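Everything in the sequence shown is counted per this note's numbering, starting at 95 for the first residue and increasing by one.
Think of the CB as a built atom: it goes at the ideal place given N, C-alpha and C, for glycine as much as any other residue.
Quick caveat: nothing in here was measured; it's all calculated off a predicted structure.
See below for the structure under consideration.
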Amino acid sequence: MPHPLFQHIKPYFNAPFRRDLLASVVVFLVALPLALGTAIASGLPPLMGIISSIIGGILVGVFAGCSLQVSGAAAGLITITADAVHRFGLENLGFLLLMAGLLQMGFGMLRLGHWFRAVSPAVIQGMLSGIGVMIFASQFHVMLDNTPKQHPIENLLAIPQALWQAYPNLWQDLNGTSAASLGATGIHTDGNPHIAAAIGVLTIGTVCLWNGTPRRLTRIPGMLVGVLVAIAVAYAFQLPIRYITLPTADLALLWQLHWPSWPQISLLNNTSFVVTAVTMAFIASTETLLTATAVDQLRPGHRTLYNQELLAQGLGNALAGLLGALPITGVMVRSAANVEAGAATRVASMLHGLWLLLFMVFLPALLKLIPIASLAAVLVYTGYKLFKPSAVRELLPYGRSEVAIFLLTVTAILLTNLLEGILVGVGLSMAKLLYRLNDLKLTLMLDSPSQLAQLSLQGSATFVNLPRLATELERVPAHYTLHINLEKLTYIDHAGLNLLMKTKHAQEQAGGEVILEWNILADKFAETSHSARLTADDLDRPPTEGH
Numbered sequence: 095m096p097h098p099l100f101q102h103i104k105p106y107f108n109a110p111f112r113r114d115l116l117a118s119v120v121v122f123l124v125a126l127p128l129a130l131g132t133a134i135a136s137g138l139p140p141l142m143g144i145i146s147s148i149i150g151g152i153l154v155g156v157f158a159g160c161s162l163q164v165s166g167a168a169a170g171l172i173t174i175t176a177d178a179v180h181r182f183g184l185e186n187l188g189f190l191l192l193m194a195g196l197l198q199m200g201f202g203m204l205r206l207g208h209w210f211r212a213v214s215p216a217v218i219q220g221m222l223s224g225i226g227v228m229i230f231a232s233q234f235h236v237m238l239d240n241t242p243k244q245h246p247i248e249n250l251l252a253i254p255q256a257l258w259q260a261y262p263n264l265w266q267d268l269n270g271t272s273a274a275s276l277g278a279t280g281i282h283t284d285g286n287p288h289i290a291a292a293i294g295v296l297t298i299g300t301v302c303l304w305n306g307t308p309r310r311l312t313r314i315p316g317m318l319v320g321v322l323v324a325i326a327v328a329y330a331f332q333l334p335i336r337y338i339t340l341p342t343a344d345l346a347l348l349w350q351l352h353w354p355s356w357p358q359i360s361l362l363n364n365t366s367f368v369v370t371a372v373t374m375a376f377i378a379s380t381e382t383l384l385t386a387t388a389v390d391q392l393r394p395g396h397r398t399l400y401n402q403e404l405l406a407q408g409l410g411n412a413l414a415g416l417l418g419a420l421p422i423t424g425v426m427v428r429s430a431a432n433v434e435a436g437a438a439t440r441v442a443s444m445l446h447g448l449w450l451l452l453f454m455v456f457l458p459a460l461l462k463l464i465p466i467a468s469l470a471a472v473l474v475y476t477g478y479k480l481f482k483p484s485a486v487r488e489l490l491p492y493g494r495s496e497v498a499i500f501l502l503t504v505t506a507i508l509l510t511n512l513l514e515g516i517l518v519g520v521g522l523s524m525a526k527l528l529y530r531l532n533d534l535k536l537t538l539m540l541d542s543p544s545q546l547a548q549l550s551l552q553g554s555a556t557f558v559n560l561p562r563l564a565t566e567l568e569r570v571p572a573h574y575t576l577h578i579n580l581e582k583l584t585y586i587d588h589a590g591l592n593l594l595m596k597t598k599h600a601q602e603q604a605g606g607e608v609i610l611e612w613n614i615l616a617d618k619f620a621e622t623s624h625s626a627r628l629t630a631d632d633l634d635r636p637p638t639e640g641h
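As structure tokens, this is what we get:
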């Protein structure tokens, strides 16, 4: 007979909860190496990545507008975080993140959620690919137990030299000195690029092989398996490479609030600081909402409340700033694992945060067994997956201009920084839009013997190209019969409409005539302004003055 206690709690272990429980364990296993690797890649204590993921799981999970999205330490903000620490100091990172979180909450309160999705796919693909290259280039050096350089191009150009230094040593090692004998020397703090490289390759190789195993096995994340294999090999041979250092004092980070001080508040007078906070809020919001949209596609019928998601993310980042942790966003890798594992509700995300909290409080010593090269390898693999050369093939059907915007965005990110690169991409998209709006082809044919004129409009008739349209109309003699062909017109705004109406009345008053397919014109105008109803009577009224 079942125990009475079991009978009492049985209703809580229904099918959705069981699915959430299983999914939370899977997401926890995915999140742990990613959280640690993100912190290390940002040049910060590993524990900060876990704290951010705890907040992202528990707090953001409670209030999230996308219940199946899992938030945590943001790999996409590694470069901005590292740059912010370099420019403003680690002591001011929390205040910067607090400001970014408050901005995100403001975005949500102003109901701006859908605007963050109004970004050209070419720019988004370029942003993700640029981030991927930056992460790959920097973490490749960390995977070799080397220190990455400040600029992405420098990291890329330095990769051949780093490999040249690592592989000759590895060849000598294989021919003469075993890993065990190296470990016996007791040198466990100095980096050894050749051994670290082998651990990194082992990690990535394990991930790739594991992802090719039967589906029932891949429910255990390949990234976790790769890190576990690396831990086992490094521990068995006592490899002299760098490991995670986690002083006990770091645990105080979880309980210590960093309230803003007056010197920090004065940073709001620093334009660079404010721009960085706005950039962090913008990119975090964009990455989160794009991830939420992808989650909606993975689970048909699921619908994200975008403004609520922004509020939840802002609240999480504000708390992360007070605790001195890393920026938080919705993370595609964790969210995809959550959906794939069958999560039903937001409980899965919340439980994954709870498991991270329990692990950090009761098992922190296990973190010291993890080779830094293995976590860097996880991020190298992540960066490789983010960089998608296939985006060129996907964007090509939409025009070569989209491919050009993608490539130029990636290039700008690598040559400058993430913010300036994105601004370049957005600027190119706006320029393309203005070009399209200005793309009006005008063909005017005058027949003097019959005193007939025909003007064909193809493209968009807007205030941007109003002078060109007016010039062509003025070429028609006043007594002519003018036929305006609108069959190939795709767009007309109020300025263009008013000019045509004004021309019609002026021509008729001078003894001429204007033949205008008013029904076509009505349809084109209705497409641009759903609240407007254009009729034949409207065309007979005098035009509005001032146009």
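Rounded straight-line distance, which links the Cα of SER542 to that of GLY224: The count along the sequence shown starts at 1 and reaches residue 224 at position 130. The count along the sequence shown starts at 1 and reaches residue 542 at position 448. Roughly 60 Å separates the two Cα atoms.
To the nearest angstrom, how far is it from the Cα of LEU384 to the Cα of HIS599? Along the sequence shown, read from residue 1 onward, the residue named residue 384 stands at position 290. Along the sequence shown, read from residue 1 onward, the residue named residue 599 stands at position 505. Taking the straight line from one Cα to the other gives about 50 Å.
What does a CB cutoff of less than 6 Å around GLY220 pick up in its chain, not counting 5 residues either side in sequence? Residue mapping note: residue 220 aligns to position 126 of the sequence shown, counting from 1. Taken in chain order, the residues that qualify are PHE500, THR503, VAL504, GLY519.
Return the first residue and the last residue of the alpha helix (DSSP H) that LEU378 is part of. As a first step, residue 378 must be located in the sequence shown, where it is residue number 284. First, the amino acid is wrong: residue 378 is Ala here, not Leu. It spans 365–392 - the alpha helix (DSSP H) in which ALA378 sits, taken as one unbroken run.
Sequence-distant residues of the same chain with beta carbon closer than 6 Å to ALA506, five excluded per side: For this step, residue 506 is matched to residue 412 along the sequence shown. Closer than 6 Å at Cβ, skipping near neighbours: GLY515, VAL518.
Straight-line Cα distance separating ALA330 from LEU130: Here residue 130 refers to the residue found at position 36 of the sequence shown. Here residue 330 refers to the residue found at position 236 of the sequence shown. Using only the alpha carbons, I get a separation of about 22 Å.
Taking all protein chains shown into account, do 16 or more other C-beta atoms lie within 10 angstroms of the C-beta of ASN411, making it buried, or fewer, making it exposed? Here residue 411 refers to the residue found at position 317 when the sequence shown is read from its first residue. Counting Cβ neighbours within 10 Å, ASN411 comes out buried, since at least 16 surround it.
Just grab the DSSP bridge partners of GLN548 for me. In the sequence shown, residue 548 corresponds to position 454, counting from 1. Within the DSSP secondary-structure output, GLN548 pairs in a beta bridge with MET539, HIS577.
Which of helix, strand or coil DSSP assigns to LEU610: The residue labelled residue 610 in the question sits at position 516 within the sequence shown. Here DSSP, grouped into helix, strand and coil, assigns LEU610 to strand.
ASN511: buried (16+ other C-beta within 10 angstroms of its C-beta) or exposed? One-based indexing of the sequence shown puts residue 511 at position 417. ASN511 is buried by the Cβ-count criterion.
Where does PRO421 sit, in a helix, a strand or coil, going by DSSP? Your numbering for residue 421 matches position 327 in the sequence shown. DSSP, reduced to helix, strand and coil, places PRO421 outside both helices and strands of the structure shown, so it counts as coil.
Hey, how far is the Cα of THR439 from the Cα of ARG393? The residue given as residue 439 occupies position 345 in the sequence shown. The residue given as residue 393 occupies position 299 in the sequence shown. Cα to Cα, THR439 sits roughly 12 Å from ARG393.
Since GLY202 and GLN402 should fall inside the 8 Å C-beta cutoff, what is the C-beta to C-beta distance between them, to a whole number of angstroms? By one-based count along the sequence shown, residue 202 stands at place 108. By one-based count along the sequence shown, residue 402 stands at place 308. About 7 Å separates the two Cβ atoms, so the contact holds.
Determine the extent of the alpha helix (DSSP H) in which SER165 is found, giving its start and end residues. Translated into positions along the sequence shown, residue 165 becomes position 71. Per DSSP, SER165 belongs to no alpha helix (DSSP H); it is in the beta strand (DSSP E), 165–167.
Using beta-carbon positions only, say whether VAL213 and THR380 come within less than 8 Å of one another. On the sequence shown, position 119 is the one that residue 213 refers to. On the sequence shown, position 286 is the one that residue 380 refers to. Closer than 8 Å, so yes.
For SER443, name the three-state secondary structure that DSSP assigns. Mapped onto the sequence shown, residue 443 falls at position 349. Residue state, collapsed to three classes: helix.
Nearest by alpha-carbon distance to LEU538: which of LEU567, SER523, ILE289, MET524 is it? Counting from 1 along the sequence shown, the entry for residue 538 is found at position 444. With distances taken between Cα atoms, LEU538 lies closest to LEU567.
Candidates VAL227, LEU296, GLY226, GLY195, of which the one nearest LEU238 by Cα: For the purposes of this step, residue 238 is taken as residue 144 along the sequence shown, with counting starting at 1. Closest option to LEU238, Cα to Cα, is LEU296.
Rounded distance between the beta-carbons of ALA378 and ALA194, thought under 8 Å: Counting from one through the sequence shown, the residue named residue 194 turns up at place 100. Counting from one through the sequence shown, the residue named residue 378 turns up at place 284. Right, the Cβ-Cβ distance comes to about 7 Å (below 8 Å), so this counts as a contact.
Are the CB atoms of ALA135 and ILE253 within a distance shorter than 8 Å? Counting from 1 along the sequence shown, the entry for residue 253 is found at position 159. Counting from 1 along the sequence shown, the entry for residue 135 is found at position 41. Not a contact, by the Cβ cut-off of 8 Å.
Report all residues from its chain with a CB closer than 6 Å to the CB of ASP68; omit the five preceding and five following residues, and keep chain order. No answer is possible for residue 68: it lies beyond the span of the chain, which begins at 95 and ends at 641.
Taking the Cβ atom as the reference point for each residue, do LEU549 and LEU528 lie within a distance shorter than 8 Å? Within the sequence shown, residue 549 is the residue found at index 455, counting from 1. Within the sequence shown, residue 528 is the residue found at index 434, counting from 1. For LEU549 and LEU528, no; Cβs fall outside 8 Å.
Measuring CA to CA, which of LEU123, ALA216, ILE172 is closest to LEU490? As a first step, residue 490 is located in the sequence shown; it is residue number 396 there, counting from the start. When only C-alpha atoms are compared, the closest one is ALA216.
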